[in-house]
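Novice: Sharing a structure, written as structure tokens. Questions coming.
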Amino acid sequence: MVTLENVKNNQLIESFILKGNEHLGAMGYTDHGKLHIGLVSEAARDILLQLGYDSRTAELAGIAGYMHDLGNVVNRNRHSQSGALIAMKILRRMEMKPEEISIICAAIGNHDEGSGHAVHPVTAALILADKSHVHRNRVRNLDVATFDIHDRVNYAVEKTSLQIQCEQKLISMELTIDISICPVMEYFEIFLSRMLMCRRAANYLGCEFELIINGAKLL
Numbered sequence: 001m002v003t004l005e006n007v008k009n010n011q012l013i014e015s016f017i018l019k020g021n022e023h024l025g026a027m028g029y030t031d032h033g034k035l036h037i038g039l040v041s042e043a044a045r046d047i048l049l050q051l052g053y054d055s056r057t058a059e060l061a062g063i064a065g066y067m068h069d070l071g072n073v074v075n076r077n078r079h080s081q082s083g084a085l086i087a088m089k090i091l092r093r094m095e096m097k098p099e100e101i102s103i104i105c106a107a108i109g110n111h112d113e114g115s116g117h118a119v120h121p122v123t124a125a126l127i128l129a130d131k132s133h134v135h136r137n138r139v140r141n142l143d144v145a146t147f148d149i150h151d152r153v154n155y156a157v158e159k160t161s162l163q164i165q166c167e168q169k170l171i172s173m174e175l176t177i178d179i180s181i182c183p184v185m186e187y188f189e190i191f192l193s194r195m196l197m198c199r200r201a202a203n204y205l206g207c208e209f210e211l212i213i214n215g216a217k218l219l
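Just so we're aligned: the sequence shown equals residues 1 to 219 in full-length UniProt numbering.
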């Protein structure tokens, strides 16, 4: 059985993650490296555990979270699809069960808001975990004067959390934003499609979704 720990110790995966993040840095993107994938992996796994899914399904979500940005080593454009194909080859080499490979590849291939859909609990958990990581720790540009809108929005977020309320069947994304750096409207300007994708993912898991910014419910 291929575990999350096996995946974390795979040198090919490690190299692709590091190089992919390096490539995105050269293009001016926010961080998509070990910090990001580590948080997404842990969050995706925890979402399913809190909702009562079995430990193996939750671990597959953790694996999908850890591998979800492999496609950045090829190109940012359609990175979810290229990442799914890369993951398929690596996991086959690691002799993972075909059914589990299909679940992980579907999650990776559907995590991007451009074309993705929640087609499995693992996919839904990955979408929620990935889109909830908005924080100033992702900003690589140290020159505030040259921030683009993505830098401003991420840097303005002082705190973010994803709360699972099982009894209420509610998933809440809570953000604390410094509005002197970025008005709330700028957040919606670039992230509205992501939040709508999160709502569909939560619905797939049988839950409602709400977005709370600075204590106010906005979605």
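Even for Gly, the Cβ is constructed at its ideal location relative to N, Cα and C.
How is the beta strand (DSSP E) around K172 delimited, first residue to last?
Specialist: To locate residue 172, count along the sequence shown from 1; it is residue 172. Strictly speaking, residue 172 in this sequence is Ser, with Lys absent from that position. From DSSP, the beta strand (DSSP E) with S172 extends over 170-177.
Novice: Three or more beta-carbon pairs under 8 Å between the stretch 49-59 and the stretch 79-98, yes or no?
Specialist: At 8 Å Cβ cutoff, the stretches do not touch.
Novice: How about S41 and G20: do their beta carbons lie closer than 8 Å?
Specialist: Position 41 of the sequence shown, counting from 1, holds the residue named residue 41. Position 20 of the sequence shown, counting from 1, holds the residue named residue 20. For S41 and G20, no; Cβs fall outside 8 Å.
Novice: Which of the three DSSP states is assigned to T146 in this structure?
Specialist: Position 146 of the sequence shown, counted from the start, is the residue given in the question as residue 146. Helix at T146.
Novice: For S161, does the three-state DSSP call read helix, strand or coil?
Specialist: Taking the first residue of the sequence shown as 1, we reach residue 161 at position 161. In this structure, S161 counts as strand in the three-state DSSP scheme.
Novice: By DSSP, does K217 sit in helix, in strand, or in coil?
Specialist: Taking the sequence shown and counting its residues from 1, one reaches residue 217 at position 217. Here K217 sits in strand by DSSP.
Novice: Is it the case that the Cβ atoms of residue 221 and N137 are separated by a distance below 8 Å?
Specialist: In this structure the chain extends from 1 to 219, so residue 221 is not present and cannot be described.
Novice: At the level of alpha carbons, what is the spacing between S15 and G28?
Specialist: Against the sequence shown, residue 15 aligns to sequence position 15. Against the sequence shown, residue 28 aligns to sequence position 28. Whole-angstrom Cα-Cα distance: 20 Å.
Novice: With three or more C-beta pairs closer than 8 Å as the rule, is the stretch 70-81 touching the stretch 175-182?
Specialist: Output reads no: the stretch 70-81 does not touch the stretch 175-182.
Novice: Per DSSP, what kind of secondary structure is E113 in: helix, strand or coil?
Specialist: Counted from its first residue, the sequence shown places residue 113 at position 113. In the structure shown, E113 sits in coil (DSSP, three-state: anything other than H, G, I, E or B).
Novice: Can you tell me the Cβ-Cβ gap for S132 and I108, rounded? I've got them flagged as a contact below 8 Å.
Specialist: Walking along the sequence shown from the start, residue 132 turns up at place 132. Walking along the sequence shown from the start, residue 108 turns up at place 108. Actually they do not touch by this definition, with Cβ atoms about 17 Å apart.
Novice: Quick one: give me the first and last residue of the alpha helix (DSSP H) that H79 is part of.
Specialist: Counting from 1 along the sequence shown, the entry for residue 79 is found at position 79. That run of the alpha helix (DSSP H) goes 79-93.
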